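Novice:
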Amino acid sequence: MSASDGDGWVRLPDGSRRWGRFGASGLLLHAGDGGGDGAGGSSGGYVLLQHRALWGHMGGTWGTPGGALDSGESPVQAALREFGEEVAGDLGDVALNGVHRQEHEVWRYDTVLAHSAHRSAFTPGSAESTEIRWVALDEVERLRLLPPFRSIWPGLREALTQRLVVVVDAAAVLRHRQGGHGAWPESAAGDAAVAAAGRLRDELALLAASGVDGALLPDALALTPLHRWFPHILLLVDGDARSVASVPGVEVVATPRGKAASGAASGRPCGPGANGANSANGAHAPRTLVVTTPESADGGRAAAGAGDPGGGGSAPVAVPPDWLLKAAT
Numbered sequence: 001m002s003a004s005d006g007d008g009w010v011r012l013p014d015g016s017r018r019w020g021r022f023g024a025s026g027l028l029l030h031a032g033d034g035g036g037d038g039a040g041g042s043s044g045g046y047v048l049l050q051h052r053a054l055w056g057h058m059g060g061t062w063g064t065p066g067g068a069l070d071s072g073e074s075p076v077q078a079a080l081r082e083f084g085e086e087v088a089g090d091l092g093d094v095a096l097n098g099v100h101r102q103e104h105e106v107w108r109y110d111t112v113l114a115h116s117a118h119r120s121a122f123t124p125g126s127a128e129s130t131e132i133r134w135v136a137l138d139e140v141e142r143l144r145l146l147p148p149f150r151s152i153w154p155g156l157r158e159a160l161t162q163r164l165v166v167v168v169d170a171a172a173v174l175r176h177r178q179g180g181h182g183a184w185p186e187s188a189a190g191d192a193a194v195a196a197a198g199r200l201r202d203e204l205a206l207l208a209a210s211g212v213d214g215a216l217l218p219d220a221l222a223l224t225p226l227h228r229w230f231p232h233i234l235l236l237v238d239g240d241a242r243s244v245a246s247v248p249g250v251e252v253v254a255t256p257r258g259k260a261a262s263g264a265a266s267g268r269p270c271g272p273g274a275n276g277a278n279s280a281n282g283a284h285a286p287r288t289l290v291v292t293t294p295e296s297a298d299g300g301r302a303a304a305g306a307g308d309p310g311g312g313g314s315a316p317v318a319v320p321p322d323w324l325l326k327a328a329t
């Protein structure tokens, strides 16, 4: 563990101590059955856990690699940094799924949920760990878990089986922002259409990276309550806007005659490159939020596939375009 301005103990109202002057954060990495160490399969996949050294706080227990936040550091930044300090091995590309927060008035712990396409080999990267192990979800509760981790494990396990997919009807959103006037996309063509869709895509990319406040998500989505969810976003475009390219976090989906929209609204991968877009968490049940307007939904546009969510997910839930403004704040 390297020295930082976040190092230090905080005493909780119940008298117990926690490490991290600005709170602490850890990474709960999840992977499916394929690849990795050759061990037998698990119906729910595996999570990577750290066996804490006996000399440490709550030593001898199992939990997530993690530690104190530095000042100005986000929970995700801290979790990834601490993982690199405590675990040896190549983390590679992972898909962030959400952040669970434990609040203790004067201190908090954030568990960052992430998915990996493979069970890569990892070993202890510091004296804080005696073992780093992929543990089948069904076996986690048989270990001597860190007490705070044990208390939240049931909810974390449930959240690991889910993913948030946000489908954005570009035409409906842009028309709404014009005050509901005009006939987008029919009257919007050429450079104007491409520029408008590109700006919306970039706005959504920021949302994908920062995540959505869990309090803003409708109860009807039936998502496990988390502090933040990191969505995979599908942007549905028509006409000349179909030339807009996808970027990390946002998959741009052309919707000729509504065929691609049907798949997108159901949370299924669709469009160019879609098979790889959800590769890290494609085995998880989607919870699909459709950002559109009532007239578009009634016309069967973005909600065309609402009756067939696919992938074991719940039925899509529609929200108005103004929801994006709330989510971005």
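When we follow full-length UniProt numbering, the leftmost residue of the sequence shown carries the number 1, and every step to the right adds one.
Even for Gly, the Cβ is constructed at its ideal location relative to N, Cα and C.
Computed from a prediction, not measured in an experiment: that's the story for all the values here.
Can you list the alpha helix (DSSP H) stretches of 4 or more residues lying completely in the region 149-219, in chain order?
Specialist: You should have 170-177, 190-210.
Novice: Going along the chain, which unbroken runs of the alpha helix (DSSP H) with 4 or more residues stay wholly within the UniProt domain "Nudix hydrolase" (19-160)?
Specialist: For the UniProt domain "Nudix hydrolase" (19-160), whole alpha helix (DSSP H) runs of length 4 or above, ordered along the chain, are 75-86, 147-160.
Novice: State yes or no: is the C-beta of A208 within less than 8 angstroms of the C-beta of A241?
Specialist: Here residue 208 refers to the residue found at position 208 when the sequence shown is read from its first residue. Here residue 241 refers to the residue found at position 241 when the sequence shown is read from its first residue. No, the Cβ-Cβ distance between A208 and A241 is not below 8 angstroms.
Novice: Between the beta-carbon of S120 and the beta-carbon of G89, is there less than 8 angstroms?
Specialist: As a working note, residue 120 is residue 120 in the sequence shown. As a working note, residue 89 is residue 89 in the sequence shown. Yes, they are a contact pair.
Novice: Looking only at its own chain, which residues have a Cβ that is under 7 angstroms from the Cβ of R11, when we skip the five neighbours before and after it?
Specialist: Locating residue 11 in the sequence shown gives position 11, where the first residue counts as 1. Excluding positions up to five away in sequence, the list reads R17.
Novice: Judging by CA-CA distance, which residue of L156, L200, T161, A195 is the nearest neighbour of A170?
Specialist: What you label residue 170 is simply residue 170 of the sequence shown in a count that begins at 1. For the residues L156, L200, T161, A195, the minimum Cα distance to A170 belongs to L200.
Novice: Does A328 come out as helix, strand or coil in the three-state DSSP assignment?
Specialist: As a first step, residue 328 is located in the sequence shown; it is residue number 328 there, counting from the start. In the structure shown, A328 sits in a helix (DSSP, three-state: H, G or I).
Novice: Let me know if Q178 comes out buried or exposed under the rule of 16 or more other beta-carbons within 10 Å of its beta-carbon.
Specialist: Taking the sequence shown and counting its residues from 1, the one referred to as residue 178 is at position 178. So Q178 counts as exposed.
Novice: In this structure, how does DSSP classify P294 when only helix, strand and coil are distinguished?
Specialist: In the sequence shown, counting from the first residue as 1, residue 294 sits at position 294. Here P294 sits in helix by DSSP.
Novice: Look up L221 in the DSSP assignment and say whether it is helix, strand or coil.
Specialist: In the sequence shown, the residue the question calls residue 221 occupies position 221. Reduced to three states, the DSSP call for L221 is helix.
Novice: Quick one: residues in its chain with C-beta nearer than 7 angstroms to the C-beta of P65, no 5 flanking neighbours on either side, listed in chain order?
Specialist: Here the question's residue 65 lines up with position 65 in the sequence shown. Once the five neighbours on either side are set aside, the close Cβ partners of P65 are G26, L27, Q50, E82, F83, E86, V87.
Novice: Could you tell me the alpha carbon to alpha carbon distance between A172 and L235, rounded to whole angstroms?
Specialist: Indexing the sequence shown from 1 puts residue 172 at position 172. Indexing the sequence shown from 1 puts residue 235 at position 235. A172 and L235: Cα-Cα distance of roughly 11 angstroms.
Novice: When you compare each of D219, E203, V290, G239 to P248 by their alpha carbons, which one comes out closest?
Specialist: The residue you call residue 248 lines up with position 248 of the sequence shown. The shortest C-alpha separation from P248 is found at E203.
Novice: Are the CB atoms of L145 and G63 within a distance shorter than 8 angstroms?
Specialist: Taking the sequence shown and counting its residues from 1, the one referred to as residue 63 is at position 63. Taking the sequence shown and counting its residues from 1, the one referred to as residue 145 is at position 145. Yes; because the gap between Cβ atoms is below 8 angstroms, this pair is in contact.
Novice: So the candidates are V250, A245, Y46; which of them puts its Cα closest to the Cα of L206?
Specialist: Counting from one through the sequence shown, the residue named residue 206 turns up at place 206. Among V250, A245, Y46, the Cα nearest to that of L206 is on V250.
Novice: For L217, is the classification buried or exposed, using 16 other Cβ atoms within 10 angstroms of its Cβ as the cut-off for buried?
Specialist: To locate residue 217, count along the sequence shown from 1; it is residue 217. That one is buried.
Novice: Assign A315 to one of three DSSP states: helix, strand, or coil.
Specialist: Counting from one through the sequence shown, the residue named residue 315 turns up at place 315. Coil, per DSSP.
Novice: Roughly how many angstroms lie between the CA atoms of G38 and S116, to the nearest whole one?
Specialist: Taking the first residue of the sequence shown as 1, we reach residue 38 at position 38. Taking the first residue of the sequence shown as 1, we reach residue 116 at position 116. Note that G38 scores 39 on pLDDT, short of 50, meaning its location in the model is unreliable; the coordinates nonetheless yield the value given after this. The alpha-carbon atoms of G38 and S116 are separated by roughly 16 angstroms.
Novice: Does the beta-carbon of T329 have 16 or more other beta-carbons within 10 angstroms, so that it is buried, or is it exposed?
Specialist: Indexing the sequence shown from 1 puts residue 329 at position 329. Exposed, by the Cβ-count rule.
Novice: Start and end of the beta strand (DSSP E) containing L234?
Specialist: As a first step, residue 234 is located in the sequence shown; it is residue number 234 there, counting from the start. Looking at the DSSP string, the run of the beta strand (DSSP E) that includes L234 is 232-237.
Novice: Go to R11, then tell me how far its beta strand (DSSP E) extends in each direction, as first and last residue.
Specialist: In the sequence shown, counting from the first residue as 1, residue 11 sits at position 11. That run of the beta strand (DSSP E) goes 9-11.
Novice: What does a CB cutoff of less than 6 angstroms around D110 pick up in its chain, not counting 5 residues either side in sequence?
Specialist: Walking along the sequence shown from the start, residue 110 turns up at place 110. Hits under 6 angstroms: S25, P75, V99, R101.
Novice: Compare the beta carbon distance of V112 and A79 with 8 angstroms and say whether it is the shorter of the two.
Specialist: To locate residue 112, count along the sequence shown from 1; it is residue 112. To locate residue 79, count along the sequence shown from 1; it is residue 79. In this structure, A79 lies closer than 8 angstroms to V112 by Cβ.
Novice: Just the C-alpha distance for S187 and G211, rounded to the nearest angstrom, thanks.
Specialist: Along the sequence shown, one-based indexing puts residue 187 at 187. Along the sequence shown, one-based indexing puts residue 211 at 211. Only weak support exists for where S187 lies, its pLDDT of 45 falling under 50; the value from the coordinates is given anyway. So the alpha carbons of these two residues sit roughly 33 angstroms apart.
Novice: Let me know the secondary structure DSSP gives A285 once reduced to three states.
Specialist: In the sequence shown, residue 285 corresponds to position 285, counting from 1. Three-state DSSP puts A285 in a strand.
Novice: Would you please state the rounded distance, in angstroms, between the beta carbons of A68 and R142? I believe it to be under 8 angstroms.
Specialist: Translated into the one-based positions of the sequence shown, residue 68 becomes position 68. Translated into the one-based positions of the sequence shown, residue 142 becomes position 142. 29 angstroms between Cβ atoms; not a contact.
Novice: Report the option in V319, E73, P286 whose CA atom is closest to the CA atom of T292.
Specialist: What you label residue 292 is simply residue 292 of the sequence shown in a count that begins at 1. Here the closest residue by C-alpha is V319.
Novice: Using the Cα positions of L174 and A114, report the straight-line distance between them to the nearest angstrom.
Specialist: Counting from one through the sequence shown, the residue named residue 174 turns up at place 174. Counting from one through the sequence shown, the residue named residue 114 turns up at place 114. If I take the Cα positions, the gap works out to 32 angstroms.
Novice: Just to confirm the assignment, what range does the beta strand (DSSP E) spanning A254 have?
Specialist: Reading the sequence shown from its first residue, position 254 is the one you call residue 254. Here the beta strand (DSSP E) through A254 covers 250-254.
Novice: Less than 8 angstroms between C-beta atoms, sequence neighbours within five positions excluded: which residues of the same chain meet that for M58?
Specialist: The residue labelled residue 58 in the question sits at position 58 within the sequence shown. These residues qualify, in order along the chain: R52, L146, P147.
Novice: Work out the CA separation of V140 and L156 for me, nearest whole Å.
Specialist: Your numbering for residue 156 matches position 156 in the sequence shown. Your numbering for residue 140 matches position 140 in the sequence shown. So the two alpha carbons sit approximately 12 angstroms from each other.
Novice: Could you tell me if G23 is buried or exposed, where buried requires 16 or more neighbouring beta carbons within 10 angstroms of its beta carbon?
Specialist: On the sequence shown, residue 23 is found 23 positions in, with the first residue counted as 1. G23 comes out buried.
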